[in-house]
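Worksheet: the structure to be examined is printed underneath.
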Amino acid sequence: MVLECFQVGEGDVATVLLHGFLGTGRNLRSLATAWSAADPRRRFLLPDLTGHGASPALPPGADLFTLARDVVDTARAQGVTGAFDWVGHSLGGRVSMAGSLHVPEAVRSVTLLDITPGPVPGDLSESGKVLGVLLQAPPRADNRKAMRADLTGRGLSEPLADWLLMNLVTQPDGVRWRFDRQALAELHSRVNGVDLWEAVERPGRPPMRCIRGGRAKYVSDADAARMEAAGCPVATLPEAGHFVHVDAPQALLEWLLKG
């Protein structure tokens, strides 16, 4: 399946940037723009993952491997041949690890932005909390302001509400959600429980590295130690939360450029 995708840069080193749950490719546009300016050799592809943004809906039973295959199909449709670099935040990181297992011929390296290879406990999942509010929201509203008021009234912060509102489409009778919320909820529970340690610990895997937010809880100290022991270096941005590309963009870029 070919996904909605845009490109930043025109270099020869193909790199896909994969967003997190409920996001879109444009969430990583600022990172791609800054990275491209610092390293013109790269060509960045920023797809909307399957079921997200303007990409096709999730097929029944979709899992991490489904999403990874669709990333490869999209890269091939964009003229990318051979292996390429995968950089993924949160869900995008888990898709990248799944890709290294299921479509290894397409994976040159994997960079994880604040995500663990192990199952993500429900009580640690920030996206799960946001999803809970999203599922309670009405399917449509008269306008964006009304939907925003509903989301903030259910306890979402204004920045999070505004981020979710990027997934509204305008119709003659008001606004509605672009994505299938129930399908995304099923995907969320399915992918968070997957154990991906094999992707990190198996012999002959592609190069991997990880950076985590010091204020986030997705990559524990024990996880970091286990990753390091498997030859996957882990760096920490002390003041950053889960959204490392938002909280510490310059420090993240400097780390990325070392690879």
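Residue numbers (the working numbering): 8 to 266.
Virtual Cβ for every residue (Gly too), placed ideally from N, Cα, C.
The model shown is predicted, which means the values in this text are computed figures rather than measured ones.
Excluding five sequence neighbours on each side, which residues of the same chain lie with their C-beta closer than 6 Å to the C-beta of G200?
-> P126
Which class does F13 belong to by DSSP, given the choice of helix, strand or coil?
-> Strand.
Which residues in the same chain have their Cβ closer than 8 Å to the Cβ of R185, if we skip the five residues on either side of it in sequence?
-> G60, A61, N174, L175, V176
CA-to-CA distance, P128 to T243, given in whole angstroms = 21 Å
Rounded separation between A258 and P179 - CA only = The alpha-carbon atoms of A258 and P179 are separated by roughly 44 Å.
Assigned secondary structure, H195 (DSSP; H/G/I helix, E/B strand, else coil) = helix
For T1, which three-state DSSP category applies?
-> Because the chain spans 8 through 266 in this model, residue 1 falls outside it and cannot be assessed.
Could you give the DSSP three-state label for A113: helix, strand or coil?
-> helix
Return the first residue and the last residue of the alpha helix (DSSP H) that Q143 is part of.
-> Note, Q143: alpha helix (DSSP H), 133-143.
How far does the beta strand (DSSP E) with G95 in it reach, from first residue to last?
-> Residues 91-96.
Host alpha helix (DSSP H) of R83 (start-end) | 71-84
Per DSSP, M215 forms a beta bridge with which residues?
-> V117
F186 at chain B interface by Cβ criterion, 8 Å = Of the chains in the structure shown, none is chain B; there is only one protein chain.
So, A82 versus F72, is the Cβ gap smaller than 8 Å?
-> No; because the gap between Cβ atoms is not below 8 Å, this pair is not in contact.
To the nearest angstrom, how far is it from the Cα of L263 to the Cα of A84?
-> 26 Å
Which partner residues of W184 appear in the DSSP bridge assignment?
-> L175
Do you know how far the Cα of V241 is from the Cα of A231?
-> The straight-line gap from Cα to Cα measures roughly 6 Å.
Inspect the beta-carbon positions of L65 and V102 and report whether they are closer than 8 Å.
-> no
What's the gap between the Cα of A223 and the Cα of L35?
-> 19 Å
DSSP bridge partner residues for V23 (one or two, in chain order) = Looking at the DSSP assignment, V23 forms a beta bridge with L52, W93.
What does A242 pair with, by DSSP beta-bridge criteria?
-> I218
Note down the Cα distance separating E11 from L25, rounded to an integer number of angstroms.
-> 12 Å
Which residues does DSSP pair with R233 in a beta bridge?
-> The partner list for R233 (beta bridge, DSSP) is empty, contrary to what the question assumes.
Span separating the alpha-carbon of E17 from that of F51 = The C-alpha of F51 is placed about 8 Å away from the C-alpha of E17.
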